[in-house]
Amino acid sequence: MRYRTSTSFLHLSGLWAIAVAQPLFDLLGRAPEFFVAHRADALDLLTFSVVLLVVPAAAIASVVAVAFVAGPRCGSAALTTAVSILVACVAVQAGYKAGITGWPGTIAVAVATVSVAAALYVRVAIFRTFLTMLSSATIIVGVAFMMAPGVRPLFWRAGTEVLGPLPLASTTTVVLLVFDELPLVSLLDEKGELDSRRYPHLARLAADGIWFRTVTTVSDYTRWA
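Using my numbering, the letters of the sequence shown map in sequence onto residues -7 to 217.
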């Protein structure tokens, strides 16, 4: 197996995108309030995406390049080890989705995958060609994250009009109460109505005002809400 800096970086970047970046993007894509809470704009999100996709893979490739300076065998071993570990990360995640739980099963999948991936990477040229093609995942994963339903509005909100305070036709004072970490089900009786026996004061408050029963905050976490 001949070592080429560009090819090895492609292998590592593609595997890194699938093994590490994509799960993180998927997690954050389902919790866009994290970016809202930190006031991240489109440039912040783009920078975060590029850094997560490129910098770690480049760092691993740099370590491999330094290992090759020490000798071909040392460099080849470092490259094969890095590739095998990333492939094992993908296999472990697939194992979790297939129902494998617990450390014994996880370790078994990881060890078996590392052994098979190392053998394929060293001896099978088609496998290395496949990893070269897989490098396109670096772009695909990043674009998929930007187009995720929860993240896309954050990227394309630059042209959104921000409205100021609306004029009120009435001078009546309005008081809005938002209860933190108060599950709705704990306030209801067996009929699904507000339990006036247990919470008489809340019942009086609801009867004297408007109870927005189905309205919740934007997040389950107080800090983000």
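Glycine residues also receive a C-beta, built at the ideal position from the N, C-alpha and C atoms.
As the structure is a prediction and not an experimental result, all values here were calculated from the model.
Inter-residue spacing [alpha-carbon to alpha-carbon] between residue i and residue j
| i | j | result |
| --- | --- | --- |
| leucine 38 | alanine 13 | 14 Å |
| alanine 69 | valine 42 | 28 Å |
| glycine 94 | arginine 120 | 31 Å |
| histidine 193 | threonine 164 | 23 Å |
| valine 116 | phenylalanine 137 | 32 Å |
| proline 15 | phenylalanine 60 | 31 Å |
| arginine 205 | valine 79 | 48 Å |
| leucine 223 | glutamate 173 | Residue numbering for the chain in the displayed model covers -7 to 217; residue 223 lies beyond these limits and cannot be assessed. |
| proline 145 | threonine 209 | 18 Å |
| proline 175 | leucine 7 | 42 Å |
| valine 103 | serine -2 | 28 Å |
| serine 162 | glycine 91 | 59 Å |
| lysine 183 | alanine 140 | 39 Å |
| serine 211 | isoleucine 77 | 35 Å |
| tryptophan 148 | aspartate 200 | 42 Å |
| histidine 30 | arginine 65 | 46 Å |
| valine 143 | phenylalanine 40 | 13 Å |
Check whether residue i and residue j have beta carbons under 8 Å apart
| i | j | result |
| --- | --- | --- |
| valine 101 | valine 84 | yes |
| leucine 35 | serine 127 | no |
| phenylalanine 17 | valine 135 | no |
| aspartate 187 | leucine 180 | yes |
| alanine 11 | cysteine 81 | yes |
Integer Cβ distance of residue i from residue j, believed to fall under 8 Å
| i | j | result |
| --- | --- | --- |
| threonine 130 | leucine 45 | 5 Å |
| alanine 49 | serine 5 | 4 Å |
| threonine 98 | glycine 87 | 7 Å |
Exposure of residue i, with buried meaning 16 or more beta-carbon neighbours within 10 Å
| i | result |
| --- | --- |
| threonine 105 | buried |
| tyrosine 113 | buried |
| isoleucine 75 | Residue identity differs from the one stated: residue 75 is valine in this sequence, not isoleucine. So valine 75 ends up on the buried side. |
| glycine 63 | exposed |
| glycine 151 | Caution is warranted here: a pLDDT of 48 is assigned to glycine 151, below 50, making its placement in the model unreliable, and no coordinate value can be reported. |
| phenylalanine 122 | exposed |
| phenylalanine 27 | buried |
| valine 47 | exposed |
| alanine 9 | buried |
### Message
Three Cβ pairs or more, each shorter than 8 Å: is that satisfied between the segment 50 to 68 and the segment 22 to 34?
### Response
no
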